[in-house]
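So the protein sequences, as listed, match chains C and F.
Residue 29 in the working numbering sits at position 29 of the first sequence, and the numbers go up by one each step.
Residue 1419 in the working numbering sits at position 419 of the second sequence, and the numbers go up by one each step.
Each residue gets a CB set at the ideal place from its N, CA and C atoms; glycine is no exception.
Scroll down for the structure; my scribbles are underneath it.
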Amino acid sequence: MKNNEERLYDLEDLLDAAAGDKVFIGKMIGNFIAETGIVLQKISILRVGGDYAGIKAVLHKIKPTMKVMGIATVVGIIEEIEEMNLLAMNESRFSELFLKMEKTLTLVNEELGKLKSISG
Amino acid sequence: MDSFSIFIVEDDQFYGDYLNHFLSSNPDYKIAQFSLGKDFIDKLHEKPDVVTLDYSLPDMTGAVVLKRIRQMSPETQVIIVSGQKDVTTALDLIKEGAYDYIVKDQDTRSRLWNVILRIRENRTLKNQVERLQEEVVHKYDFEKTIIGNSQAIRDIYSLIEKASKTNINVSITGETGTGKEVVAKAIHYNSVRRRKPFVAVNMTAFPKDLLESELFGYEKGAFTGAFTRKTGKFEEANQGTLFLDEIGDMDFALQAKLLRVIQEREVVRIGGKDTIPLDLKIIVATHRDLKAEVAKGTFREDLFFRLLGLPILLPPLRDRSNDILILAKHFAEVFCKENNMPAVGFSTEASEKLLRYPYPGNIRELKAIIDLAVVMSNGKVLAQDDIIFSQMAQPTDFLSAKEMTLAEYDRIIIKSYLEKYNDDMVLVADKLKVGKSTLYRMKQRKLI
């Protein structure tokens, strides 16, 4: 079995909270896919304006959702960005992290999209 | 259990839905969800039991929302559920009145569940306490506790009403057993202070030094044996009523200290430095004539005038003989109810016997006589023999009872002798030096 670092996502917490309610799980996955798309767009716009404080606030807001969805890679990225010094931002490191996050979330959304279409 | 309303204030739709679904697993919880502070505040008039509040909302901060909750619905408990791990923020919010602060992580659900459970248990306990307080208030509705139909009692009702409506000190005077504490409680439980403490202290129940520490409290180390800080009765009664019973027996030196507290409306614990402001109603009671004690020099005149306030003089039972049977029936009814016994009536002889007695122990004694009579009775009607008086009443008491004609006194004396000598007419006639035929004639006419 893969460890948390290697798993793309882990729905254990969500499934536990759902207590067998499949409709709820389907709704939450739908909401997650929609929400992440908007978040990535928002960050791209803020990045153009160099608004790193704004980026941090957006990431901080979605971190609990990433935890519920068990996306450990993205949680790790957010925490690293949260730790970054706003006045001396390492732009190349930020770009690297952002790309990784974008890639991970795209993959997660694809996987979850498939899962959602299978379960109806 | 009653339904319990929870408002979730969370601008992250995903996380709000997640909390909502999880908390909805308890069918008693009625849940509403808001993503904007403004929408939530618009519904705050519904006064939810609990609010889970995200610290950072798009239109206002959690601190601002918390302040509005405290103003508009102070009974609502607020749990901050936030991604912020900042301890200073958490402490500040708890200082501002938040019940708890939960960080959004893998334990959020279980912590939130337990905190809400604890709030609900506390709410249930609080409701129970409030219900009990209501019962106590109802219990001390003075027209239910101070029984009687005499003019004297109607006057007392009027004074209690006056005393309850203002913060004036009250001094109650009356013989032992006339119901001084009952009147003090009736004043407290019919006043605006009814939900605050009623603390009674009997001045004769403590030795002088102990009484001082009971009243004023003390700091740790104030004297040998003061191992911990102790709150005094003044502080205990703060916001409520302090009833100082048998004030006429208070030590003279302590009277000066009491005077200072009453004048300054503040108290300092023994061995302490801090003054504690007091807001309390003071009711004092005594069986002594305080004016006479002042004249004798055993009671401070300045304290007397400070405490006098609204004076209420409780008449002895012998001066309100119209109330004796009303009270007797009331006590019998209460005793039967408390002991799951069927209600009892009073025979004519028993009623007459009750009316003839002077009651040196007043209402307290009458209650004891009736309780015993109910126990001794056949369970249906109280007979003359069930009424057993203590030996407290002296011949002078007999004379100080309600005024009667000479013929009535004669009847009482003869009846009393007949009772004492087992209806032996000859012996009684001899003892009282009256003719036997007089007694037989009275018996025939049912006068005795």
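Quick check: the Cα distance between residue i and residue j, rounded to an integer number of angstroms?
{"i": "Arg1194/F", "j": "Val1137/F", "result": "7 Å"}
{"i": "Pro1027/F", "j": "Glu1046/F", "result": "19 Å"}
{"i": "Asp1155/F", "j": "Val1344/F", "result": "30 Å"}
{"i": "Lys1038/F", "j": "Val1087/F", "result": "26 Å"}
{"i": "Pro1395/F", "j": "Leu1366/F", "result": "Below a pLDDT of 50, predicted positions are generally treated as unreliable, and Pro1395/F, at 45, falls in that range; the measurement from the model is reported next regardless. Approximately 18 Å, taken between the alpha carbons."}
{"i": "Lys42/C", "j": "Leu99/C", "result": "14 Å"}
{"i": "Gln1084/F", "j": "Val1103/F", "result": "7 Å"}
{"i": "Ile25/C", "j": "Val1129/F", "result": "43 Å"}
{"i": "Tyr1189/F", "j": "Val1183/F", "result": "10 Å"}
{"i": "Val1009/F", "j": "Arg1118/F", "result": "20 Å"}
{"i": "Gln1444/F", "j": "Thr1241/F", "result": "59 Å"}
{"i": "His1231/F", "j": "Lys1420/F", "result": "The sequence as given places Thr at residue 1231/F; His does not occur at that position. Cα-Cα distance, rounded: 55 Å."}
{"i": "Tyr1409/F", "j": "Gly1174/F", "result": "27 Å"}
{"i": "Val1428/F", "j": "Thr1286/F", "result": "43 Å"}
{"i": "Met1442/F", "j": "Lys1436/F", "result": "10 Å"}
{"i": "Ala1098/F", "j": "Asn1149/F", "result": "54 Å"}
{"i": "Phe1040/F", "j": "Phe1007/F", "result": "8 Å"}
{"i": "Ser1347/F", "j": "Leu1325/F", "result": "12 Å"}
{"i": "Thr1166/F", "j": "Arg1306/F", "result": "16 Å"}
{"i": "Asp1274/F", "j": "Val1268/F", "result": "6 Å"}
{"i": "Leu1418/F", "j": "Pro1358/F", "result": "19 Å"}
{"i": "Leu86/C", "j": "Ile1080/F", "result": "27 Å"}
{"i": "Leu14/C", "j": "Phe32/C", "result": "12 Å"}
{"i": "Phe1234/F", "j": "Gly1272/F", "result": "15 Å"}
{"i": "Asn1238/F", "j": "Thr1108/F", "result": "41 Å"}
{"i": "Phe1022/F", "j": "Gly30/C", "result": "18 Å"}
{"i": "Phe1004/F", "j": "Gly1217/F", "result": "41 Å"}
{"i": "Ile1456/F", "j": "Ile1160/F", "result": "Residue 1456/F lies beyond the range of chain F shown here (1001 to 1448); nothing can be said about it."}
{"i": "Lys1312/F", "j": "Ser1171/F", "result": "Just to set this straight, residue 1312/F is Ile in the shown sequence, not Lys. Distance between the alpha carbons of Ile1312/F and Ser1171/F is about 6 Å."}
{"i": "Arg1260/F", "j": "Asp1302/F", "result": "11 Å"}
{"i": "Met28/C", "j": "Thr1228/F", "result": "57 Å"}
{"i": "Lys1431/F", "j": "Ile1147/F", "result": "41 Å"}
{"i": "Arg1111/F", "j": "Tyr1101/F", "result": "10 Å"}
{"i": "Arg1288/F", "j": "Ala1222/F", "result": "34 Å"}
{"i": "Thr1089/F", "j": "Leu115/C", "result": "40 Å"}
{"i": "Asn1114/F", "j": "Phe94/C", "result": "39 Å"}
{"i": "Asn1020/F", "j": "Ala17/C", "result": "10 Å"}
{"i": "Lys1180/F", "j": "Ile1153/F", "result": "13 Å"}
{"i": "Thr104/C", "j": "Arg1120/F", "result": "42 Å"}
{"i": "Ser92/C", "j": "Ile1116/F", "result": "45 Å"}
{"i": "Ser1416/F", "j": "Val1381/F", "result": "21 Å"}
{"i": "Thr36/C", "j": "Leu107/C", "result": "12 Å"}
Just checking my contact of residue i with residue j at CB under 8 Å: how many whole Å lie between their CB atoms?
{"i": "Arg1068/F", "j": "Leu1093/F", "result": "About 14 Å separates the two Cβ atoms, so there is no contact after all."}
{"i": "Asp1011/F", "j": "Asp1054/F", "result": "6 Å"}
{"i": "Val1284/F", "j": "Ile1247/F", "result": "4 Å"}
{"i": "Gly1062/F", "j": "Asn1169/F", "result": "About 47 Å; that fails the 8 Å criterion."}
{"i": "Ile1370/F", "j": "Ala1407/F", "result": "About 28 Å separates the two Cβ atoms, so there is no contact after all."}
{"i": "Lys1208/F", "j": "Leu1258/F", "result": "13 Å between Cβ atoms; not a contact."}
{"i": "Lys1185/F", "j": "Tyr1140/F", "result": "5 Å"}
{"i": "Phe1304/F", "j": "Leu1290/F", "result": "6 Å"}
{"i": "Thr1204/F", "j": "Asp1249/F", "result": "5 Å"}
{"i": "Ile1270/F", "j": "Ser1213/F", "result": "6 Å"}
{"i": "Asp1049/F", "j": "Gln1077/F", "result": "7 Å"}
{"i": "Phe1331/F", "j": "Thr1298/F", "result": "Not a contact, Cβ separation roughly 36 Å."}
{"i": "Ile1276/F", "j": "Ile1262/F", "result": "Their Cβ separation, rounded to whole angstroms, is 14 Å, which puts Ile1276/F and Ile1262/F out of contact at 8 Å."}
{"i": "Glu102/C", "j": "Leu40/C", "result": "6 Å"}
For this session: Compile a chain-ordered list of the residues in the segment 2–33 of chain C whose CB is closer than 9 Å to at least one CB of chain F.
Result: Asp13, Leu14, Asp16, Ala17, Ala18, Ala19, Asp21, Phe24, Lys27, Met28, Asn31 and Phe32
Problem set entry | Contacting positions in the segment 61–74 of chain C - beta carbon closer than 9 Å to chain F | Lys61, Ile62, Lys63, Pro64, Thr65, Lys67, Val68 and Met69
Exercise. Which residues, in order along the segment 1091–1121 of chain F, keep a beta-carbon less than 7 Å from a beta-carbon of chain C?
Worked result: Lys1104, Asp1105, Gln1106 and Arg1109
Exercise. Given 8 Å as the limit, is there contact between the segment 1190–1209 of chain F and the segment 1289–1297 of chain F, that is, 3 or more CB pairs closer than that?
Worked result: no
Exercise. With a cut-off of 8 Å, do at least 3 Cβ pairs link the segment 1370–1382 of chain F to the segment 1334–1344 of chain F?
Worked result: yes
Exercise. Would you call the segment 1004–1022 of chain F and the segment 65–77 of chain C touching, i.e. three or more CB-CB distances under 8 Å?
Worked result: yes
Problem set entry | Within 8 Å of chain C by C-beta, residues of the segment 1006–1027 of chain F in sequence order | Asp1011, Asp1012, Gln1013, Phe1014, Tyr1015, Asp1017, Tyr1018, His1021, Phe1022 and Ser1025
Problem set entry | Length-filtered (4 minimum) alpha helix (DSSP H) runs lying within the segment 1020–1047 of chain F | 1037–1042
Problem set entry | Completely contained alpha helix (DSSP H) runs for the segment 29–75 of chain C, where each covers 4 or more residues | 52–68
Exercise. Going along the chain, which unbroken runs of the beta strand (DSSP E) with 3 or more residues stay wholly within the segment 1286–1322 of chain F?
Worked result: 1310–1314
For this session: For the segment 1078–1089 of chain F, enumerate the residues whose C-beta is nearer than 7 Å to any C-beta of chain C, in chain order.
Result: Gly1083
Problem set entry | Segments of 4+ residues assigned as alpha helix (DSSP H) that fall wholly inside the segment 1190–1226 of chain F | 1208–1216
Exercise. Can you find at least 3 beta carbon pairs, one from the segment 9–20 of chain C and one from the segment 75–94 of chain C, that sit closer than 8 Å?
Worked result: no
Exercise. Taking only runs of the beta strand (DSSP E) that begin and end inside the segment 1324–1403 of chain F, which ones reach a length of at least 3 residues, in chain order?
Worked result: none
For this session: Identify every run of the alpha helix (DSSP H) within the segment 1049–1131 of chain F, keeping only runs that are complete inside it and at least 4 residues long; order them along the chain.
Result: 1062–1072 and 1087–1095
For this session: Say whether the segment 50–57 of chain C touches the segment 102–114 of chain C, bearing in mind that this needs 3 or more beta-carbon pairs closer than 8 Å, one atom from each stretch.
Result: no
For this session: With a floor of 3 residues, list each beta strand (DSSP E) that falls wholly inside the segment 1141–1188 of chain F, ordered by position along the chain.
Result: 1170–1174
For this session: Would you list, in sequence order, the uninterrupted alpha helix (DSSP H) runs of no fewer than 4 residues that lie entirely inside the segment 1251–1288 of chain F?
Result: 1252–1264
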